[in-house]
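**Q** Could you have a look at this structure, given as structure tokens, before my questions?
This is the structure:
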């Protein structure tokens, strides 16, 4: 654990996690400087422009990077050359989690928010003090005062959270979950191999007796259970291999009635398997797992039913910030669609969607990535490009008919017009509310 009293810490990035980190550092007695690309104000902290960081190197004892800060930035290289310690926001906060706290770390390109929330919900329903945080929208620093000896941390980790700078030591965990890996964040990583290596590091710090739950086709080690092989569905019944039965306390066949679920069963089979396996690893009974899965409500911004208007159904999938998430939505919605895509491009090709557009009557592409999306999916359906998000919503409505579903599944980050995907999802729902 790092001593902070009377030290000067620079927090790079003044968004939600950066602000939470600044508040935590101030409470620990540190002098805090927060940098951002725009002018900001944070009580108790000095706020500067990112461009002014090099002029302050002489004062800084440690630099902490918000997840959105690319570690290839020149000011970070300069800090390292000056021997200033650099840490990632999650990496730094994780060092303050008490050793007695059980840890479940969840990553993957898609599905990680649902698995994180579902796992925490199942554990809480079983009477455990489960606390969800991380990339799901709750900075870890905001949770550190909530931990007790019997607590279970369920943390969603993006690849950015998994990056380590201050220490090369892996994150200690009792359950590590890697759901999948698909093309994403290639503007930050040199190639897919580098991105995949960061994701796979979730298994590197398994504690003795810990369990890895892996959705990839290739095995990652002796302690790793394979989703769909060691833990799998036979019809509506969750079953286990002999290896899984040895690793998971009390695991036994578990039949679900999908009509009782608020989750879309077909679309969430893997998510249910992963969350249930993590709960078994924490000693939760099959009956309690099943009951909690039935009661769990889908997350906002993830294939979220948002309402209807004049015979159209509206689905908010704003959290679909990559191509594989859009592909997931297209595979699991078997209705005539008007699809809204766009935002800020993340470097991946949209061409993998071309073979899955049969239900898409019209594609409305908007924002910075609109032209690229339209070009790569040209000829697969009628395509319209616009600049503004609200214009995309109106065009989608005009091109729809009764019985259609208007699906917001952007396949891009939100940062061209919104602070984050949550704000984009709220804008979609507000637009719909104004219609109705």
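In this note's numbering, the protein residues as written are 44 to 479. Don't be surprised by glycine CBs; every beta carbon is placed ideally from N, CA and C. None of these values were measured; they are calculated from a predicted model.
1. Please give me, in chain order, every unbroken run of the alpha helix (DSSP H) with length at least 4 that falls completely inside the region 314 to 369.
2. For the region 433 to 440 and the region 391 to 402, state whether three or more C-beta atom pairs, one from each stretch, are separated by less than 8 Å.
3. For residue 324 versus residue 280, is the C-beta distance shorter than 8 Å?
4. What span of residues does the alpha helix (DSSP H) with residue 302 cover, start to end?
5. Would you mind working out which of 443, 449, 410 sits nearest residue 456, comparing C-alpha positions?
6. Would you call the region 208 to 218 and the region 135 to 147 touching, i.e. three or more CB-CB distances under 8 Å?
7. If you drop the 5 nearest sequence neighbours on each side, which residues of the same chain put their C-beta closer than 7 Å to that of residue 164?
8. Alpha carbons only, please: which of 348, 395, 202, 472 is nearest the one belonging to residue 238?
9. Taking buried to mean at least 16 other C-beta atoms within 10 Å of its own C-beta, is residue 389 buried or exposed?
10. Of the choices 294, 358, 369, whose alpha-carbon is the least far from that of residue 332?
11. Should the region 117 to 125 be regarded as contacting the region 171 to 178, the criterion being three or more beta carbon pairs within less than 8 Å?
12. Use the C-beta contact count for residue 97: other C-beta atoms within 10 angstroms, 16 or more gives buried, fewer gives exposed.
13. Leaving aside the five residues before and after residue 189 along the sequence, list all residues of the same chain whose C-beta is less than 8 Å from its C-beta, in chain order.
14. Using a Cβ-Cβ cutoff of less than 7 Å, which residues in the same chain neighbour residue 186 once the five nearest sequence positions on both sides are dropped?
15. Since residue 346 and residue 356 should fall inside the 8 Å C-beta cutoff, what is the C-beta to C-beta distance between them, to a whole number of angstroms?
16. Ordered along the chain, which non-local residues of its own chain (more than five positions away) have a Cβ less than 6 Å from that of residue 182?
17. Report the three-state DSSP secondary structure of residue 188 (helix, strand or coil).
18. With distance defined between alpha-carbon atoms, name the residue in 118, 348, 391, 252 nearest to residue 469.
19. Where do the N-terminal and C-terminal ends of the beta strand (DSSP E) with residue 285 fall, by residue?
**A** Considering the structure as presented:
1. 329 to 338
2. no
3. no
4. That residue, residue 302, is in no alpha helix (DSSP H); it is neither H nor E in DSSP.
5. 410
6. yes
7. 335, 339
8. 202
9. buried
10. 294
11. no
12. exposed
13. 174
14. 174, 176
15. Going by Cβ atoms, the distance from residue 346 to residue 356 rounds to 12 Å, so no, they are not a contact pair.
16. 60, 63
17. helix
18. Ranking the options by Cα distance to residue 469, first place goes to 348.
19. Here residue 285 belongs to no beta strand (DSSP E); instead the alpha helix (DSSP H) covers 285 to 290.
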